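So the structure is just underneath, and the comments pick up after that.
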Amino acid sequence: MSVSRIISSPGFKNDFRTVLKAEYNASLKSIQGFWCVVESSIGLYVGRLEAINPDHGDIVLNSVERVDVSYTSIKVWIRGSQVKQLVVVDKNTKERAKKTALKILASLSREEL
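Going by the numbering used here, the sequence shown opens with residue 277, and the numbers climb by one from there.
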């Protein structure tokens, strides 16, 4: 998201917030369908991002695997208030997402000690 692009857009003169929200929603839509890692207050999840609610941050994942415990599910809905971090991996594969999740899990374990 480019601030200069937002400022130079025609809608900026009318309402900056509307333009900013439109850019934010477009960036969230662009990551749908990608493998991602979600750190929540409950656990660490790897899954394919199906949907995200831009107003509340609610996330729906498909083909989900919870990394911190042995748990798999077809679909998981995570409340936006529980989401701490959403990481979209650079290579769109489940293996890459799992490696990223294990790195995050290792750093979380060090912080707790």
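The beta carbon of each residue, even a glycine, is placed where N, CA and C say it ideally should be.
This one's a predicted model, so the numbers in the text were calculated from it and none came from an experiment.
Arg324 is the residue among Arg324, Val314 and Ala382 whose C-alpha sits nearest the C-alpha of Gln308. Pairing Ser317 with Leu362, the inter-Cα distance amounts to about 12 Å. When Ala298, Leu320 and Thr294 are compared, the shortest CA-CA separation from Ala373 is found for Leu320. Taking 3 residues as the shortest admissible run, the region 308-359 contains the following complete beta strand (DSSP E) segments, listed from N- to C-terminal end: 311-316, 320-328, 335-342 and 347-354. Counted as a single uninterrupted DSSP element, the alpha helix (DSSP H) harbouring Lys305 occupies residues Phe292 to Ser306.
The count of Cβ pairs closer than 8 Å, one atom from the region 378-387 and one from the region 323-337, stays below three, leaving the stretches out of contact.
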